[in-house]
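Notes follow once the structure below has been shown.
In this note's numbering, the protein residues as written are 534 to 1154.
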């Protein structure tokens, strides 16, 4: 290991000279400079190895988790762009497929959905947006971060994908809205915050729209998708009585259309500083526009409002200074709230203005402990309740006391909610998007008690991003699978079970004894319930069974070692060093001659040799 660190030291010091002090947010540079994917990830990996040589602290882990998920997603989607390893070719290929689809008549194969299905817990994939049908209280749309838009069916609490016709694999939706003048007309902005550094729009296909209440979708042609791939937010202008004005927010620009998206023009935004991007946007009924930013590294973000054609920096207000990113509520009769996440990402302040942002009062502080808050905020004028999204849904009345209540249901990481109205008994009906599905509940507008949480995940909601799976070679059917963000599952005796929390990973099943299976969670490999090995990197490590003896399992790690575990001896795994050219053990292969093949997990370039190696003596050399 010392040799490997020594080999990288020249590169590390050169990087330090060129970028200054490296911090835990350094990997966000992938947003600004995706063409240098390998250089940035190599430098950041070296920073983490030097900064946390023994273990990564719990307070730092959420940020590192996001980095590892990001790298794992893109590592199989990288290409060469002007001689550099980059994810830009993949983005371009998505757009090209829109104009020249590979399967013009559809996919002739006949795939059957295996699962997980009919699962009661919130573990079926990340939901980014939810939207109810005002004309039908039992009809919903959800937008995922991996699998497009889904609409529920009226029978059996099942769902169907309504964007597969766009042929955009892994389509991510950032905002889903309904035309206030035509309930059958819907708009969705496309981009992924989870597949991009710093939650900037990673990739997308511009704006898509539906004219039949979400049953079918097409790409809005007026916005040139070749130049505007990732759109963070789309919204109607409530001050336009014609209902024809739409705004689109991207990471660096604002676009405006006055003819329902047929044509667009650049709308002059407030100036962005270095490493700063747009984060949120809202419009008041009188036409005042609010825009917030996010700073990648420091508490240098801003909040602006546009009044009479002039952008005013609300951050100059003493109350709103020093935050990393901020979100607004939709203004209502001059009342607007803003949540500002501070330099410490576990601390978020909520401010209130009663005069469309002239002055602000700091009314609430949330501390999230070891978990980074989502900093999403909603205000319901009907109930006078403010809802704030953290790991759990927090809410309080705008009554001067601001007593916090919490919906501690069996779901986590709230990403969106939609108000469905208040019934005759005074309960506000909500649908909620989480990191694991969609639920419906009610909140009493008077005492803020909540009713039962109803699971709306349905029978068919395959929106997980699975990392790997193992399957038995004999009957009865037995499957073990691990999904990023959404835990690990096994299929046995005709039913699915969730058996491990956290991020899942690759899995294998012993083909001679299917009750023996191997999986990983958050950096640790397991044989059934027995821990085998833990390391600092948890995404991307692979398992491989010996082709002659399924009781011998091989696994890789971030520490450039190969693990070999013999189930029959029940001893600790043998840990083998791999050649110094292998930075992290990725794919593993073993043939019937017991020759072991290893490929590097990290991204290669044209100047990096020996990223694929072979051992003929059981991994010793």
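Ideal Cβ positions, reconstructed from N, Cα and C, are used throughout, including at glycine.
These numbers were taken from a predicted model, which means no experiment stands behind them.
Neighbour-count burial assignment, residue 739, 16 or more Cβ in a 10 Å radius: As a working mapping, residue 739 is identified with position 206 in the chain shown. Counting the other CB atoms within 10 Å of its CB gives residue 739 a total of 16 or more, which places it among the buried residues.
How far does the beta strand (DSSP E) with residue 1155 in it reach, from first residue to last? The structure shown does not extend to residue 1155, since the chain is modelled only from 534 through 1154, so no value can be given for it.
With a CB to CB cut of under 6 Å and the five nearest residues on each side skipped, what residues in its chain are close to residue 820? Translated into the one-based positions of the chain shown, residue 820 becomes position 287. Excluding its 5 nearest sequence neighbours in each direction, residue 820 has C-beta neighbours in its own chain below 6 Å: 772, listed in chain order.
Looking at residue 722 and residue 736, is the spacing between their C-beta atoms short of 8 Å? Within the chain shown, residue 736 is the residue found at index 203, counting from 1. Within the chain shown, residue 722 is the residue found at index 189, counting from 1. No, the pair does not count as a contact, with Cβ atoms beyond the cut-off.
Span of the beta strand (DSSP E), counted from its first residue to its last, around residue 1064: Counting from one through the chain shown, the residue named residue 1064 turns up at place 531. Taken as a continuous stretch (DSSP letters only), the beta strand (DSSP E) holding residue 1064 covers 1063 to 1067.
Does the structure place the region 812 to 830 close enough to the region 862 to 875 that three or more beta carbon pairs sit under 8 Å? The region 862 to 875 makes contact with the region 812 to 830: 3 or more CB pairs, one atom from each, lie closer than 8 Å.
Whole-angstrom Cβ separation of residue 1096 and residue 1039, contact assumed at under 8 Å? Numbered from 1 along the chain shown, position 563 holds the residue referred to as residue 1096. Numbered from 1 along the chain shown, position 506 holds the residue referred to as residue 1039. Here residue 1096 is actually not in contact with residue 1039; their C-beta atoms are around 13 Å apart, not less than 8 Å.
Taking 6 Å as the limit between beta carbons, can you name the residues of its chain near residue 1025, skipping five residues before and five after? In the chain shown, residue 1025 corresponds to position 492, counting from 1. A distance below 6 Å between beta-carbons, with the five flanking residues on each side excluded, links residue 1025 to the following residues of its chain, in chain order: 1011.
Straight-line Cα distance separating residue 830 from residue 1153: Reading the chain shown from its first residue, position 620 is the one you call residue 1153. Reading the chain shown from its first residue, position 297 is the one you call residue 830. Each residue's Cα considered, the two are about 43 Å apart.
Classification of residue 898 by the beta-carbon crowding that lies within 10 angstroms, buried from 16 upward: For the purposes of this step, residue 898 is identified with residue 365 of the chain shown, where counting begins at 1. By the C-beta density criterion, residue 898 is exposed, having fewer than 16 other C-beta atoms within 10 angstroms.
What is the DSSP secondary structure of residue 1109, reduced to helix, strand or coil? Sequence index remark: in the chain shown, residue 1109 carries index 576 (1-based). DSSP places residue 1109 in strand when its eight states are reduced to three.
Determine contact between the region 613 to 628 and the region 928 to 935, defined as no fewer than three beta-carbon pairs at a distance below 8 Å. Output reads no: the region 928 to 935 does not touch the region 613 to 628.
Residue 1114 by DSSP, collapsed to three states: which one? Reading the chain shown from its first residue, position 581 is the one you call residue 1114. Three-state result, residue 1114: coil.
Paired residues, beta bridge with residue 897 - DSSP: Counting from 1 along the chain shown, the entry for residue 897 is found at position 364. DSSP lists 883 as partners of residue 897.
Please report how far the alpha carbon of residue 1005 lies from the alpha carbon of residue 1133, in whole angstroms. Sequence index remark: in the chain shown, residue 1005 carries index 472 (1-based). Sequence index remark: in the chain shown, residue 1133 carries index 600 (1-based). Rounded to whole angstroms, the gap between the alpha carbons of residue 1005 and residue 1133 is 27 Å.
Using only the alpha-carbon positions, how far apart do residue 1087 and residue 1126 sit? What you label residue 1087 is simply residue 554 of the chain shown in a count that begins at 1. What you label residue 1126 is simply residue 593 of the chain shown in a count that begins at 1. Between residue 1087 and residue 1126, the C-alpha separation is close to 15 Å.
By the DSSP assignment, the alpha helix (DSSP H) with residue 797 in it spans what residues? Within the chain shown, numbered from 1, the residue matching residue 797 stands at position 264. No alpha helix (DSSP H) holds residue 797; DSSP gives it neither H nor E.
Apart from the five residues just before and just after residue 707, which ones in its own chain have a Cβ nearer than 6 Å to its Cβ? Start at 1 with the first residue of the chain shown, and residue 707 comes out as number 174. Only 722, 724, 765 meet the Cβ criterion.
Output yes or no for whether 8 Å exceeds the beta carbon distance between residue 872 and residue 921. Stepping through the chain shown from its first residue, residue 872 is reached at position 339. Stepping through the chain shown from its first residue, residue 921 is reached at position 388. In this structure, residue 872 lies near residue 921, with their beta-carbon atoms less than 8 Å apart.
Below 7 Å, is the gap between the Cβ of residue 997 and the nearest heavy atom of the ligand HEM? In the structure shown, the ligand HEM is absent, as is every other ligand, since no ligand is present at all.
CB contact flag (residue 968, residue 909, <8 Å): As a working mapping, residue 968 is identified with position 435 in the chain shown. As a working mapping, residue 909 is identified with position 376 in the chain shown. No; because the gap between Cβ atoms is not below 8 Å, this pair is not in contact.
In angstroms with no decimal places, state the Cα-to-Cα distance between residue 747 and residue 780. For this step, residue 747 is matched to residue 214 along the chain shown. For this step, residue 780 is matched to residue 247 along the chain shown. The straight-line gap from Cα to Cα measures roughly 20 Å.
DSSP three-state assignment for residue 904, whether helix, strand or coil: Along the chain shown, one-based indexing puts residue 904 at 371. Confidence at residue 904 is low in this model, with a pLDDT of 43, below 50, so its placement is unreliable and the value that follows should be read with caution. In the structure shown, residue 904 sits in coil (DSSP, three-state: anything other than H, G, I, E or B).
For the putative contact between residue 510 and residue 1035, defined by C-beta atoms under 8 Å, what is the C-beta separation to the nearest angstrom? An answer regarding residue 510 cannot be provided, because it is not within the stretch 534 to 1154 covered by the chain.
With a cut-off of 8 Å on the beta carbons, I'd call residue 660 and residue 971 a contact; round off their distance for me. Within the chain shown, the letter at position 127 stands for residue 660. Within the chain shown, the letter at position 438 stands for residue 971. Rounded, the Cβ-Cβ distance is 5 Å, consistent with contact.
Distance check for residue 1041 and residue 884, CA to CA, integer angstroms please. Mapped onto the chain shown, residue 884 falls at position 351. Mapped onto the chain shown, residue 1041 falls at position 508. Roughly 50 Å between the two C-alpha positions.
Give a yes or no on whether the C-beta atoms belonging to residue 701 and residue 627 are separated by under 8 Å. On the chain shown, residue 701 is found 168 positions in, with the first residue counted as 1. On the chain shown, residue 627 is found 94 positions in, with the first residue counted as 1. In this structure, residue 701 lies near residue 627, with their beta-carbon atoms less than 8 Å apart.
Count the other C-beta atoms from every protein chain shown that fall within 10 angstroms of the C-beta of residue 713, then say buried if there are 16 or more, exposed otherwise. Working through the chain shown from its first residue, we reach residue 713 at position 180. By the neighbour-count definition (other C-beta atoms within 10 Å, threshold 16), residue 713 is an exposed residue.
Spatial neighbours of residue 614 within its chain, please: CB distance less than 8 Å, with the 5 preceding and 5 following residues excluded, ordered by chain position. Here residue 614 refers to the residue found at position 81 of the chain shown. A distance below 8 Å between beta-carbons, with the five flanking residues on each side excluded, links residue 614 to the following residues of its chain, in chain order: 568, 621, 622.
Straight-line Cα distance separating residue 1148 from residue 784: Locating residue 784 in the chain shown gives position 251, where the first residue counts as 1. Locating residue 1148 in the chain shown gives position 615, where the first residue counts as 1. Rounded to the nearest angstrom, the gap between the Cα atoms of residue 784 and residue 1148 is 47 Å.
Take residue 980 and list the residues in its own chain whose beta-carbon comes closer than 6 Å to its own, dropping the five residues that flank it on each side. The residue you call residue 980 lines up with position 447 of the chain shown. Non-local C-beta neighbours of residue 980 in its own chain, meaning closer than 6 Å and more than five positions away in sequence, are absent.
Which same chain residues end up closer than 6 Å to residue 719 when comparing Cβ atoms and leaving out the 5 residues on each side of it in sequence? On the chain shown, residue 719 is found 186 positions in, with the first residue counted as 1. Scanning its chain for C-beta atoms nearer than 6 Å, with the 5 sequence neighbours on each side dropped, one finds around residue 719 the residues 711, 743, 747, in chain order.
Indicate the three-state DSSP secondary structure (helix, strand or coil) for residue 580 in the structure shown. Indexing the chain shown from 1 puts residue 580 at position 47. Three-state DSSP puts residue 580 in a helix.
With distances taken Cα to Cα, identify the nearest neighbour of residue 803 among 716, 835, 776, 855. Mapped onto the chain shown, residue 803 falls at position 270. Among 716, 835, 776, 855, the Cα nearest to that of residue 803 is on 835.
How many angstroms separate the CA atom of residue 895 from the CA atom of residue 717? Sequence index remark: in the chain shown, residue 895 carries index 362 (1-based). Sequence index remark: in the chain shown, residue 717 carries index 184 (1-based). Residue 895 and residue 717: Cα-Cα distance of roughly 39 Å.
Return yes when the Cβ of residue 852 is within less than 8 Å of the Cβ of residue 869, no when it is not. Locating residue 869 in the chain shown gives position 336, counting from the first residue. Locating residue 852 in the chain shown gives position 319, counting from the first residue. No; because the gap between Cβ atoms is not below 8 Å, this pair is not in contact.
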